Amino acid sequence: MAGITNADFCLKLIPYGFDMVTLGGYNADKPTIDAGKKIMGRGRLEFDISEGELIYTIEKEANKIKENWDGKLSVNIRSLTPDSIIEISKLKKVDVVEINAHCRQKEITSIGCGQALLTNPDFMEEFALQVVKKSKSKVSVKIRTHVAGVDELKMVQIIEDIGADFIHVDAMKPGLKEADLDLIKKIKSRCSIFIIGNNSITDLDSAQKMIDSGAQGISIARAALGGKLNFDLSKIRLS
327 MAGITNADFC LKLIPYGFDM VTLGGYNADK PTIDAGKKIM GRGRLEFDIS EGELIYTIEK
387 EANKIKENWD GKLSVNIRSL TPDSIIEISK LKKVDVVEIN AHCRQKEITS IGCGQALLTN
447 PDFMEEFALQ VVKKSKSKVS VKIRTHVAGV DELKMVQIIE DIGADFIHVD AMKPGLKEAD
507 LDLIKKIKSR CSIFIIGNNS ITDLDSAQKM IDSGAQGISI ARAALGGKLN FDLSKIRLS
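Read left to right, the sequence shown gives residues 327 to 565 (our numbering).
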């Protein structure tokens, strides 16, 4: 969650049973940094960090987490080029870099980033391939479902074929207050990549439904905004 998930926020949530936490999303190149400033201008939270300070900032945040915890650390990154993501993957304490093909803020999508990456499969394939080939950490790709004109199953297949380690699926479906679990089932039936399921996980029941639908892991955002959870992740039954 841009502007929210820094080291201090992550450390508050670790006691609730997470085995991986995510810093970001960070804007990592000039186009996305400029877009982030515009987003801030209309009152939304963002991490306002310059290109020259980003690596140092992420390294400092990563060190703070790892000094207090031995779990996995992911960094979610918005960028129009793979180079900045590859550089972040070289940081010693970063276990996973995550390509943000998920953000739906108009300032990000208007420059072809965030969920707009999904509408250009050839570009997305080459972009993600370069990250996978050159990254020093594992690679995740976070996507949003039900983006107009996007074949999610085709995109997941592309992401699996280029060798990414995780597909992080925000199973959002317009008009519904719960995740599109049927789509998670379809994705699971057609691929073997590790699926992290996201969207509308607010309690143990919704978390269990996501796992039962085929996700091997879950991610939680809005339910954790207060820096705590009202349920125990250790009680989730894994398939």
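Each residue gets a CB set at the ideal place from its N, CA and C atoms; glycine is no exception. Predicted model only: the values in this text are computed from it and were never measured.
- Short check: CB of A541 to CB of G523, under 9 Å? Contact annotation: A541 and G523 have beta-carbon atoms nearer than 9 Å.
- For T445, which beta-bridge partners are listed by DSSP? T445 pairs with nothing; no bridge assigned.
- In the DSSP assignment, find the beta strand (DSSP E) that holds L399 and state where it starts and stops. Boundaries of the beta strand (DSSP E) around L399: 398-404.
- Task: With DSSP collapsed to three states, give me the class of D355.
- Result: D355 sits in coil when the DSSP states are folded into three classes, being neither helix nor strand.
- Item | Candidates G329, V457, I527: closest to S405 by CA position | Looking at G329, V457, I527, the one whose alpha-carbon comes closest to that of S405 is V457.
- Could you give the uninterrupted runs of the beta strand (DSSP E) lying entirely in the region 501-562, keeping only those of 3 residues or more? Within the region 501-562, the complete beta strand (DSSP E) runs of at least 3 residues are 520-524.
- Ordered along the chain, which non-local residues of its own chain (more than five positions away) have a Cβ less than 7 Å from that of E387? Excluding sequence neighbours, E387 sits near N332, A333, L349.
- Task: Taking V467 as part of the beta strand (DSSP E), name the residues at either end of that continuous run.
- Result: First-last of the beta strand (DSSP E) with V467: 464-470.
- Query: From D477 to S466, what distance separates their C-alpha atoms?
  - Reply: Cα to Cα, D477 sits roughly 19 Å from S466.
- Alpha carbon to alpha carbon, how far is F557 from D529? One alpha carbon belongs to F557, the other to D529, and they sit about 6 Å apart.
- How long is the line joining the alpha carbons of K480 and A547, rounded to whole angstroms? K480 and A547: Cα-Cα distance of roughly 26 Å.
- Query: Per the contact definition of three or more C-beta pairs closer than 8 Å, is the region 391-404 in contact with the region 364-379?
  - Reply: Segments in contact, no.
- Taking one C-beta from the region 404-422 and one from the region 354-361 each time, how about it: are there three or more such pairs within less than 8 Å? Judged by Cβ distances under 8 Å, the region 404-422 makes contact with the region 354-361, as three or more pairs qualify.
- From what residue to what residue does the alpha helix (DSSP H) around D496 run? It is not in any alpha helix (DSSP H) - D496 instead sits in the beta strand (DSSP E) that spans 492-496.
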